[in-house]
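So in the numbering used here, spot 67 of the sequence shown is number 57, and the numbers just go up one at a time. Backbone N, C-alpha and C define an ideal beta-carbon position, used for all residues, glycine too.
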Amino acid sequence: MKNNMLLWDETIFRDPIVLELDYLPEQFMHRDSQLQSLIYSLKPAVKGMRPINCLVYGPPGTGKTSAVLKVFEEIEAHTSNVVLVKINCQMDSTRFAVVSRIYRKLFNIDPPSSGVAFRKLFEKIVLKLIEKDRVMVVCLDDINYLFHGGHADEIMYSILRAHEQYPGVKMGVIAIVSDTGKLYRFDPKVSSVF
């Protein structure tokens, strides 16, 4: 056995960086139709319109989140008028946690941790989007965790129906579900716009 194992640089991998959990490949093999569907859904946002909401589902570890991040990467390379927010619902599993993550992305600061109602925080987000004439796409990764906590309908309703209370706001949702063994149903008020 060698003395300096940490300095030993032999490996069977051409590029060990591909083993990192946050690695995003340059090319996605066998995902063309999924990528095209996502691009089709988000193309209106690039043109300054409300995006088409979409549901991405499949077993864990099959590239759903990576596909969304790849499309987000492409959008960010072409425009700064679309605010893209990816939320891990397993970690941010309450309505306030989700809206806090959106606030953080838009304002580059953390919202107050107490004393601010969800409605006020959400209103600040929406008014900023209208003021800056920006479109927002929220990716709710592992949205099944919001269903477990009973928050999915509240969050989806707030985002998808924001334009009714705040004319001119353009927001859309990509919901990712990895627990395909269960059937998740949105409230009819949500599913009518999703």
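- Look at the stretch -1 to 70 and you find these whole runs of alpha helix (DSSP H), each 4 residues long or longer: 22 to 36 and 54 to 68.
- Residue Ser56 holds the alpha-carbon nearest to the alpha-carbon of Leu11 among Glu154, Ser56 and Phe112.
- For the options Asn43, Val36, Ile92 and Phe3, the alpha carbon positioned closest to that of Ala67 is the one of Val36.
- Counting only runs that start and end inside the stretch 68 to 103, the beta strand (DSSP E) elements of at least 3 residues fall at 72 to 78.
- Around the beta carbon of Lys122, fewer than 16 other beta carbons sit within 10 angstroms, so the residue counts as exposed.
- In the DSSP assignment, Val159 falls outside any beta strand (DSSP E), carrying neither H nor E.
- The alpha-carbon of Asn43 is positioned some 16 Å away from that of Tyr174.
- Straight through space, the alpha carbons of Val167 and Pro49 are spaced by roughly 8 Å.
- In the DSSP assignment, Ile133 forms no beta bridge with any residue.
- For Phe112, the enclosing alpha helix (DSSP H) has its first and last residue at Phe108 to Lys122.
- Put simply, the backbone Cα of Ser104 is about 10 Å away from that of Phe86.
- Counting only residues of its own chain and dropping the five nearest sequence neighbours on each side, Val159 has a CB closer than 6 Å to the CB of Val116, Leu119, Ile120, Ala152 and His153.
- As the crow flies, the alpha-carbon of Gln17 is around 43 Å from that of Val106.
- The alpha-carbon of Phe184 is positioned some 10 Å away from that of Asp177.
- Separation of Ile145 and Pro15 (C-alpha to C-alpha, rounded to the nearest whole angstrom) is 31 Å.
- DSSP, read as helix, strand or coil, puts Val180 in helix.
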